[in-house]
């Protein structure tokens, strides 16, 4: 009778196997992580450089003085920042004669203009140079509104409103200016 | 006389021992036991830190996913299953930007998808994070040893620029005894 009883006990334990198996599934995990750093990129300026051509009238009532120079637009395609809170800083340097000689009274060796960078935030980043007739203080800078989201866009840089200090006669020679566009976090002023 | 008395006693002793030989008996105890189907990981977790996920530089692909950061990454877990019917499945859970949680503007992505393959006992279980849930379970049977996890085919939903921030995902590997419960 003992022998039979032992066998029955073993058999009675068998139905419990299925329950134990249900809890023996094993799960493991491999965590995967990475980062994407804040990044801003400006597209290649197109066209560049900008040649405004002859800037002085060669005849008429305003002969020798600055002529009407049509606005010029340069596009920076595919410019982007991959984070929220960016801004554009535009720094413009007036067109200044490469001739280092001092100017005579009534003459100017600088041409000022307005540089406007559009299509980034709600408003443009705009600055107007204010060089003196002798070419002094040719550089000005301004920062535009904040872009509150990541953005990719074609930036339009428009140069317009070309003027000579005091509307003086322009000295002959080659003139050169520069527009620098910076795109970056607001905290760093767009740098 | 002494000799004859001793001889007689020996005969009596022999005679009394004879009935004991006829009473030999054997008892038996049967020992049974079971080993349930089980699977277990002895090294159940690891981490892949892929670092910077976007392409650097200033070219046309700058800011987009650098697939080389994820593709080919491997980690080795260790486990076992003691039943012939055991199966293995994998669930790849996409990397998601945890610091930028709103819908990104057009041209940007905040998700990185990939495929994960777990290899154990010459069986491969795969899954892509593009679709939710685990991939199909494959038979893995009796084994003990490495469960190698490999990533591949990483991509972002629109092949766009990745939004800056921290990205996190995970691969889940499940070993299942796969025994039909008793009725």
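Chains as they are written, first to last, in my numbering: chain A, 3 to 193; chain B, 81 to 263. Where a beta carbon is used, it is the ideal one built from N, C-alpha and C, also for glycine.
Check	Outcome
Just mark residue 212/B as buried or exposed, buried being the case when its beta carbon has 16 or more other beta carbons within 10 Å.	exposed
Looking only at its own chain, which residues have a Cβ that is under 6 Å from the Cβ of residue 164/A, when we skip the five neighbours before and after it?	71, 113, 115
Here's the rule I'm using: 16 or more other beta-carbon atoms within 10 Å means buried, otherwise exposed. How should residue 152/A be labelled?	buried
Quick test of your reading: residue 93/A and residue 48/A, contact by CB under 8 Å. State the CB separation rounded to the nearest angstrom.	About 20 Å separates the two Cβ atoms, so there is no contact after all.
Any residues in the stretch 41–54 of chain A with a beta carbon nearer than 8 Å to a beta carbon of chain B? Which ones, in chain order?	41, 43
Are residue 32/A and residue 126/B touching if we call contact CB-CB under 8 Å?	yes
Residues of chain A with CB under 8 Å from residue 243/B, in chain order?	38, 84, 85, 152
For residue 35/A, go through chain B and note every residue whose CB falls closer than 8 Å to its CB, in chain order.	127, 128, 129, 130, 175, 246, 247, 248, 249
Mind listing, in chain order, the continuous beta strand (DSSP E) runs of no fewer than 3 residues lying wholly within the stretch 42–119 of chain A?	74–83, 88–99
On the criterion of 16 or more Cβ atoms from any shown chain inside 10 Å, does residue 130/B qualify as buried, or is it exposed?	buried
Have a look at 159/B, 206/B, 102/B, 128/B and flag the residue whose alpha-carbon is nearest the alpha-carbon of residue 175/B.	128/B
Taking the alpha carbon of residue 43/A as the reference point, which residue from 184/B, 199/B, 138/B has its own alpha carbon closest?	138/B
Quick check on the DSSP output: the beta strand (DSSP E) that includes residue 156/A runs from which residue to which?	153–165
What separation, rounded to the nearest whole angstrom, lies between the Cα atoms of residue 210/B and residue 190/B?	14 Å
Terminal residues of the continuous beta strand (DSSP E) containing residue 31/A?	28–38
Throw me the rounded Cβ distance for the residue 268/B and residue 229/B pair, which I believe falls under 8 Å.	An answer regarding residue 268/B cannot be provided, because it is not within the stretch 81 to 263 covered by chain B.
Enumerate in chain order the residues of its own chain whose CB-to-CB distance from residue 154/B is below 7 Å, with the five nearest sequence positions on each side excluded.	228, 229, 230
With 9 Å as the limit, tell me which residues of the stretch 109–138 of chain A have their beta carbon closer than that to any beta carbon of chain B; keep them in chain order.	none
Would you say residue 81/B reaches chain A, if we count a Cβ-Cβ gap shorter than 8 Å as a contact?	At residue 81/B, the pLDDT of 42 sits below 50, so the modelled position is not reliable and the matter cannot be decided from this model.
When the cut-off is 8 Å and only beta carbons count, does residue 219/B lie next to chain A?	no
Of all the options 45/A, 39/A, 30/A, which has the alpha carbon lying nearest to the alpha carbon of residue 123/B?	30/A
Assign residue 205/B to one of two classes, buried (16 or more other C-beta atoms within 10 Å of its C-beta) or exposed (fewer than that).	buried
In the DSSP output, what is residue 149/B paired with across the bridge?	Note: residue 149/B sits in no beta bridge, so no partner.
Pull the bridge partners of residue 195/B from the DSSP assignment, please.	208/B, 232/B
Alpha carbon to alpha carbon, what distance is there between residue 67/A and residue 200/A?	Residue numbering for chain A in the displayed model covers 3 to 193; residue 200/A lies beyond these limits and cannot be assessed.
Looking at chain B, is there any beta carbon in it that lies within less than 8 Å of the beta carbon of residue 182/A?	no
Please report whether the beta-carbon of residue 116/B lies at a distance below 8 Å from any beta-carbon of chain A.	yes
Against chain B, with Cβ distances strictly below 8 Å, would residue 28/A count as a contact?	yes
Measuring alpha carbon to alpha carbon, tell me which of 86/A, 162/A, 188/A, 157/A ends up nearest residue 150/A.	86/A
Can you find the residues in the same chain that come closer than 6 Å, C-beta to C-beta, to residue 176/A, ignoring five residues on each side of it along the sequence?	100
Please report the distance separating the alpha-carbon of residue 46/A from that of residue 186/A.	16 Å
Using only alpha-carbon positions, find the residue among 195/B, 147/B, 160/B that is nearest to residue 257/B.	160/B
Indicate the three-state DSSP secondary structure (helix, strand or coil) for residue 138/B in the structure shown.	coil
Quick check on DSSP: helix, strand or coil for residue 109/B?	coil
Have a look at 173/A, 183/A, 184/A, 180/A and flag the residue whose alpha-carbon is nearest the alpha-carbon of residue 59/A.	173/A
Give me the residue from 151/B, 225/B, 240/B, 106/B with the minimum Cα distance to residue 184/B.	240/B
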